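**Q** Using my numbering, you'd call the opening residue of the sequence shown number 3 and step up by one each time. Here a beta-carbon is modelled for each residue, glycine too, at the ideal position from N, C-alpha and C. Model, not experiment: these values are computed from the prediction.
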Amino acid sequence: MRLLVVRDPDELATAAADIVQEVLERRPDALIVLPTGNTPLGMYGELVRRHAGGHLPTARMRVAQLDEYLGVAADDPQSLFGWMQRSALGPMGVTSDRVIRFAADAPDPTAACRAYDAAVIEAGGVDLAVLGIGRNGHLGFNEPPSGPDAPTRVVELSAESRAANAAYWSGDAVPERAVTAGMSTILGARKALLLASGSAKAEVVRRLLDEDPSPDLPASLLKHHPDATLIVDQAAYPGEGGGET
Ligand code: F6R
Numbered sequence: 003m004r005l006l007v008v009r010d011p012d013e014l015a016t017a018a019a020d021i022v023q024e025v026l027e028r029r030p031d032a033l034i035v036l037p038t039g040n041t042p043l044g045m046y047g048e049l050v051r052r053h054a055g056g057h058l059p060t061a062r063m064r065v066a067q068l069d070e071y072l073g074v075a076a077d078d079p080q081s082l083f084g085w086m087q088r089s090a091l092g093p094m095g096v097t098s099d100r101v102i103r104f105a106a107d108a109p110d111p112t113a114a115c116r117a118y119d120a121a122v123i124e125a126g127g128v129d130l131a132v133l134g135i136g137r138n139g140h141l142g143f144n145e146p147p148s149g150p151d152a153p154t155r156v157v158e159l160s161a162e163s164r165a166a167n168a169a170y171w172s173g174d175a176v177p178e179r180a181v182t183a184g185m186s187t188i189l190g191a192r193k194a195l196l197l198a199s200g201s202a203k204a205e206v207v208r209r210l211l212d213e214d215p216s217p218d219l220p221a222s223l224l225k226h227h228p229d230a231t232l233i234v235d236q237a238a239y240p241g242e243g244g245g246e247t
C-alpha cells in the first residue's frame, strides 16, 4: 500500500481527485465505487469544479454504491444514494442509469446483494474503489471483524458507526442494519484509494500503519492489494513522511 501524506484536507481533495481523473482519462467508462461521509466531500467538490470547467470526462463514467441503509428506498432523501446524488453524482453529471445501486428496501435484501455483485461483474468489475476509513477500521460497512472473503451482505451497524452517522438523521433513529459491498468486492477492485483526514482518524491510521493485516482492522487488508494508495492529511497522520507500508 502506497502512503501519501499531504498537508491538509484541500491537498487531500486535490490528490484524490487527480487519481479519479487519471482513471477516467485512461478509461472513460470506468466503474468507480464511491463512498459517502465527510472525508470525500472535498474530493467531490474538486471533481465537480473540474467537471464544470470541462476538464473531467464524466459522460461515460459509471459508479457503484459502496453501501446503503437497510430498508431505506433510494429516493428517500436520507438514503446514502440520495446523499451521493446531491453531493456528487448530480453535480458531476453522472446520471442514475450509470449507477449500480443497492435495492436496500427490497423484500429479499440478500438477493439484492447478489444482484449488486452480479451487476458489478457484468459491468466488468471495479476499476477504482474510493474509500473512507471508520474509526474502528471499517471499510464501507464491513465492521470488524471482516475477513477478505466477506461477501456483499446485510450487516449490523456497530454503535460507533451509528453514532458517526447520527448527524445525518437529525433526531430520527439511525438504522441498525445496512447493506455493504463486501470486502471481496472492495479488494477485487483493480485500484483502491483510501482517504483519511483529521485528528479523529490519527489513532486508526496509526493502527493501520503499525499492525499486520487482520480482519479486526478491515482496512488493513488493503495492504495485500496490488494497487492500493492511502492518502492522509497531517492531522490524521501519526508519523513523518510517506512511502510503502
Ligand atoms: C461511507 C462509508 C464509511 C465511511 C467511513 C468514514 O459510505 O462506507 O465507511 O467512509 O465511516 O466516514 P467519514 O468520512 O464521515 O469519516
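1. Use the C-beta contact count for Gly134: other C-beta atoms within 10 angstroms, 16 or more gives buried, fewer gives exposed.
2. Taking all protein chains shown into account, do 16 or more other C-beta atoms lie within 10 angstroms of the C-beta of Ile123, making it buried, or fewer, making it exposed?
3. Could you check what DSSP says for Pro164 in three-state terms: helix, strand or coil?
4. Below 8 Å, is the gap between the Cβ of Pro11 and the nearest heavy atom of the ligand F6R?
5. Between Leu49 and Asp235, what straight-line distance do the alpha-carbon atoms span, to the nearest angstrom?
6. Nearest-angstrom Cα distance between Ser148 and Asn138?
7. Taking the alpha-carbon of Ser186 as reference, which of Gly142, Arg209, Ala165, Asn40 has the nearest alpha-carbon?
8. Compute the minimum distance between the beta carbon of Leu211 and the heavy atoms of the ligand F6R, and state whether it is under 8 Å.
9. Since Ala180 is in the alpha helix (DSSP H), which residue starts that stretch and which ends it?
10. Pick out the complete alpha helix (DSSP H) segments inside the segment 40-93, 4 residues or longer, and give them in chain order.
11. Quick one: complete beta strand (DSSP E) runs, 3+ long, within the segment 184-233?
12. Ordered along the chain, which non-local residues of its own chain (more than five positions away) have a Cβ less than 6 Å from that of Ser201?
13. Output the residues surrounding the ligand F6R, defined as those with a CB atom closer than 5 Å to any ligand heavy atom, in chain order.
14. Please state whether DSSP places Arg103 in a helix, a strand or coil.
15. CB-CB under 6 Å to Ala32, same chain, minus the five flanking residues each way: which ones, in chain order?
16. Please report the residue range of the beta strand (DSSP E) in which Ile34 lies.
17. Let me check understanding here. Comparing Cα to Cα, which of Gly95, Leu159, Ser172 lies closest to Ala54?
18. Find the nearest neighbour of Leu43 within the set Arg51, Ala15, Arg100, Arg208, judged by alpha-carbon distance.
19. Can you give the beta carbon distance from Met86 to Thr38, rounded, assuming they're within the 8 Å contact cut?
20. Give the DSSP-derived three-state secondary structure of Val7 in the structure shown.
21. From which residue to which residue does the alpha helix (DSSP H) around Val122 run?
22. Enumerate in chain order the residues of its own chain whose CB-to-CB distance from Ile21 is below 6 Å, with the five nearest sequence positions on each side excluded.
23. Applying the 10 Å Cβ sphere with the 16-neighbour rule, what's the burial state of Arg4?
24. Could you check how far apart the C-beta atoms of Ile233 and Leu197 are, in whole angstroms? I think they sit under 8 Å.
25. Would DSSP call Ala19 helix, strand or coil?
**A** The structure says:
1. buried
2. exposed
3. Pro is not the amino acid found at residue 164; the sequence shown has Arg there. Correct three-state label for Arg164: helix.
4. no
5. 19 Å
6. 12 Å
7. Gly142
8. no
9. Here Ala180 belongs to no alpha helix (DSSP H); instead the beta strand (DSSP E) covers 179-182.
10. 43-54, 82-86
11. 194-198
12. Ala237
13. Pro37, Thr38, Gly39, Asn40, Thr41, Leu68, Asp69, Gly134, Gly136, Gly142
14. coil
15. Val25, Leu26, Asp129
16. 33-36
17. Gly95
18. Ala15
19. 6 Å
20. strand
21. 111-124
22. Leu195
23. exposed
24. 5 Å
25. helix
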